[in-house]
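Numbering (the working numbering), first residue to last: 4 to 370. The beta-carbon is built from N, C-alpha and C at its ideal position, and this holds for glycine as well. Given the structure is predicted, the values throughout are model-derived calculations rather than measurements.
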C-alpha cells in the first residue's frame, strides 16, 4: 500500500450491496484503497497480513459477528458496523472505536461522511494518546530530576504559599514531603519579606534571576545559612517563584568567596541606581543593567570607552584627584546631551583583590 493511502476493509457477503458500496466510495479512491471480503474469517486473515485503517462490516455474517474482530490483539482501529433497523447498537466498550450505521434506503450515500468522521476522530485520539504518553514520560523525567537534584528547590506562590518542594529541600530542613504540603515560606524563612522578594523579582527583566543569602530554620530550630537563586516563572495557572537553595555551611571557604563575589555582581546589576566603574585611565570597565536601560545601549558599546565621551554634559565634580582627571575634558566636549541635566556624580574609590584601584561612579538625580 502506498504511503499516505488508507486501506478500508469491507466485509459484505451480499454482492449487490458490496457493488453499491464500491460505487459510492469510488470517490475516495485517491485517498483510500478498498478491499472487499465476504466473511469474518477472510477478514481476520486479511487483518493479520495487512492491518487496515478502518473496517466496514455487517453486524452479523454466516461465520460470525463484528465482535470477533474486536477480540483480535493485532487490531485496534475503527470499525463501522452496518446494522438492520431491528439490530442492537449496543456493545461492550474496548480498545477498538466502534460506530454504527443503519442500512436504511440510500444508506450508502452516508458512508463517505461517516468514514471520514471516524478516521478524523481516530487521528485525533491517536495524536492525543501519543502526546499524553510523551507528556507522562517528560513529567516522569522532570520529577525524577526534581527530587534527585542536590540543590533544594521550592516553588512558592506570590503570596508565600509553598506549591511544590523537592526531596533535598525537605531533607535539609528535617521535614518529609507530606508534612510540607500546606506550608508557607515564612515557616522556613521567618525573616524574609515575601512582598519585598516578589517586588525585587518583578523589577528584573524577564528570565533574570536574583541571588541572595538567607538564613532558614530547620524543624528542630537550628539555623541553616543558604545561598539562594530566585526567579519568576509563568504557566497557564499564573506566576510563581522558583527558588534554588544551597547550604553555605557545606561549601569550602574559597567557594564562599566566589559566592559573595557573584552576589556583589548580582546586587550591582539589579539595583535601580545608575552605576558604572572606571579604571585609572578613565575607561569604563563595568556598567549596571539600570544604566544600560537608561542609555538604550549594550554593554559592548560602552566597555573600554572614556566615561566623559559617553556622559557628556554632566553637572559633576571631577573624579578623585588620584585619577588626575582633567575637568577641561568635560567642559570642552563637542556635544551636549541634555538627558543628563540635573544629574551629578557621586564617586567612591574601589580597591580590587589584585591591588588595582578603580572608581565606582553613582549618577544621582539632584535638581
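DSSP three-state assignment for residue i, whether helix, strand or coil
i, result
"residue 152", "coil"
"residue 158", "strand"
"residue 206", "helix"
"residue 237", "strand"
"residue 180", "coil"
"residue 16", "coil"
"residue 247", "strand"
"residue 113", "helix"
"residue 36", "strand"
"residue 307", "coil"
"residue 299", "coil"
"residue 314", "coil"
"residue 290", "strand"
"residue 285", "coil"
"residue 9", "strand"
"residue 168", "strand"
"residue 163", "coil"
Burial state of residue i (16 or more Cβ within 10 Å)
i, result
"residue 17", "exposed"
"residue 175", "buried"
"residue 80", "buried"
"residue 127", "exposed"
"residue 15", "buried"
"residue 64", "buried"
"residue 155", "buried"
"residue 105", "exposed"
"residue 40", "buried"
"residue 185", "exposed"
"residue 291", "buried"
"residue 238", "exposed"
"residue 78", "buried"
"residue 129", "exposed"
"residue 200", "buried"
"residue 328", "Legend: pLDDT at residue 328 = 40, less than 50; position of this residue unreliable, no value from coordinates given."
"residue 169", "buried"
"residue 108", "exposed"
"residue 188", "buried"
Which listed residue (the options) has its alpha carbon closest to that of residue i
i, options, result
"residue 116", "27, 50, 301 and 177", "27"
"residue 220", "66, 55, 229 and 203", "229"
"residue 311", "285, 183 and 215", "285"
"residue 73", "43, 65, 170 and 52", "43"
"residue 47", "29, 67 and 34", "67"
"residue 9", "199, 224, 251 and 121", "121"
"residue 202", "104, 235 and 191", "235"
"residue 209", "244, 159 and 77", "244"
"residue 2", "233, 224 and 180", "This structure cannot settle anything about residue 2, because the visible part of the chain is limited to 4 through 370."
"residue 151", "136, 159, 172 and 132", "172"
"residue 35", "107, 119, 147 and 102", "119"
"residue 12", "23, 76, 45 and 30", "45"
"residue 280", "302, 364 and 248", "364"
"residue 111", "25, 50, 102 and 71", "25"
"residue 247", "282, 149 and 199", "149"
"residue 225", "191, 294 and 101", "191"
"residue 124", "223, 109 and 102", "102"
"residue 277", "287, 297 and 302", "297"
"residue 216", "180, 167, 231 and 69", "231"
"residue 371", "187, 53, 29 and 309", "It is not possible to answer for residue 371, since the shown part of the chain is limited to 4 through 370."
"residue 158", "227, 75 and 242", "242"
"residue 303", "289, 213 and 293", "289"
Residues that residue i bridges to, as DSSP identifies them
i, result
"residue 228", "218"
"residue 185", "Answer is none; residue 185 lacks a bridge partner."
"residue 242", "237"
"residue 72", "Partner(s): none; residue 72 has no beta bridge."
"residue 60", "14 and 84"
"residue 104", "85"
"residue 200", "None; residue 200 has no bridge partner."
"residue 30", "For residue 30, which the question treats as bridged, DSSP gives no partner whatsoever."
"residue 213", "233"
Short CB-CB distance (under 9 Å) between residue i and chain B
i, result
"residue 203", "Looking for chain B here will not work: only one protein chain is present."
Exercise. Given 8 Å as the limit, is there contact between the stretch 72-85 and the stretch 45-63, that is, 3 or more CB pairs closer than that?
Worked result: yes
For this session: May I ask you to verify whether the stretch 152-167 touches the stretch 184-197, counting CB pairs closer than 8 Å and requiring at least 3?
Result: yes
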